Each structure stands twice: as structure tokens, then as C-alpha cells.
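Count along the sequence shown from 1, then add 103; that gives the number in this note's numbering.
Backbone N, C-alpha and C define an ideal beta-carbon position, used for all residues, glycine too.
Owing to the predicted nature of the structure, the values given are computational and were not obtained by experimental measurement.
Taking it in order: structure first as C-alpha cells, then the write-up.
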Amino acid sequence: MDSPGRGARVAREIGRDCLAVRVRLLGRAVTRIYDAALRPHGLTVAQLNLLATIATRQPVAAGLVARLLSMEVSTLSRNAQLLQRDGLIQIERAGHGNGRVLTLTEAGGEKLAELRPAWRDAQKQAYDLIGGAVATSIARRVDEMFAEHAAAAR
């Protein structure tokens, strides 16, 4: 049985060294920046990224979008329904099976253009928060991971 002292030592080590908690805290801070910038436009950064992903791959299977964005299908479905309700995307049944196909509407393209200044402002704030060199390093590593993930999804 572990003594209370040992548990406290382990807890201090985890608190001091855990990369997962630090990345999650950083992610939340960055998300708050983008969400605050996008709030006046009625979208979250998750929805913006969904629009951008659909725009670059359309028409695109919803399942592929979920895999590319490392998103739960239920989360994708909720956000996609909101975007469809607002006229920014179309959701259609796939030719076979239970899948759905997502397409950006003209209004969705216009929304992306409208959001660009707010996104750029949030981008600058996020780079300032993280530091340019660190932000560039993070972007490079995630791009590498995304390329590997996208290749595996094909």
C-alpha cells in the first residue's frame, strides 16, 4: 500500500512534469483567444476549422472530416447541424451507407471571408501569447502529424 507521502511525491512529479496537462491548458487559452475574436460573428474556432476543412476538400465525407480534425463524430454532427441551420454548409446523404457528405454553401464561403480579419487578429494574439518561435515549431510538428494522419486516412 502506498503511503500518503509517496502519493504526494508522485502528485508533485505529475504536477511539475506532465506535458499533457500543459498542452491542454495552452490549448484552452488559445481557444479562448479565437472564440472571443469569432464570437461577434456567431462562430467558434471549432466551427471555423470545420468550415475551412470542408471548403478545402468539398464535397467531403463527414467521417473523413472527423478523422482529419481528430473529432468525435457526435461533436462533428452537432457542429455541422448548426452550420447547416445557419446556411453555411449542406449535409447530404452519401451515395451508399449511412454516411453524410458535407459541402460549403456560397454563404459559407462569404462567412469565411468575413471572418478572416477576426481570425488574423486572433492568430496574432495566439502567436504573441506562445511566442513566435514556439508557435512556429508547434505548427510545423502538427503539420507533420496531420500529413501522416491524412496519408493513413486515404
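Local Cβ density within 10 Å of residue i, reported as buried at 16 or more and exposed below that
{"i": "Thr159", "result": "exposed"}
{"i": "Ala225", "result": "buried"}
{"i": "Leu207", "result": "buried"}
{"i": "Asn182", "result": "buried"}
{"i": "Val168", "result": "buried"}
{"i": "Gly211", "result": "buried"}
{"i": "Ala229", "result": "buried"}
{"i": "Ala140", "result": "buried"}
{"i": "Ile157", "result": "buried"}
Run of the beta strand (DSSP E) containing residue i, from where it starts to where it stops
{"i": "Arg135", "result": "First-last for Arg135: 122-141, but that is the alpha helix (DSSP H), not the beta strand (DSSP E)."}
{"i": "Thr206", "result": "203-207"}
Enclosing alpha helix (DSSP H) for residue i [first to last residue]
{"i": "Gln184", "result": "176-188"}
Per DSSP, cross-strand counterpart(s) of residue i
{"i": "Ala164", "result": "Val204"}
{"i": "Glu213", "result": "Partner(s): none; Glu213 has no beta bridge."}
{"i": "Ile192", "result": "Leu207"}
Contact test: residue i Cβ vs the ligand HEM heavy atom, cutoff 7 Å
{"i": "Arg219", "result": "Only the bare structure without any ligand can be found here, which leaves the ligand HEM out of the picture."}
Contact check, residue i vs residue j, beta carbons under 8 Å
{"i": "Ala149", "j": "Leu215", "result": "no"}
{"i": "Ala132", "j": "Leu205", "result": "no"}
{"i": "Asn152", "j": "Leu172", "result": "yes"}
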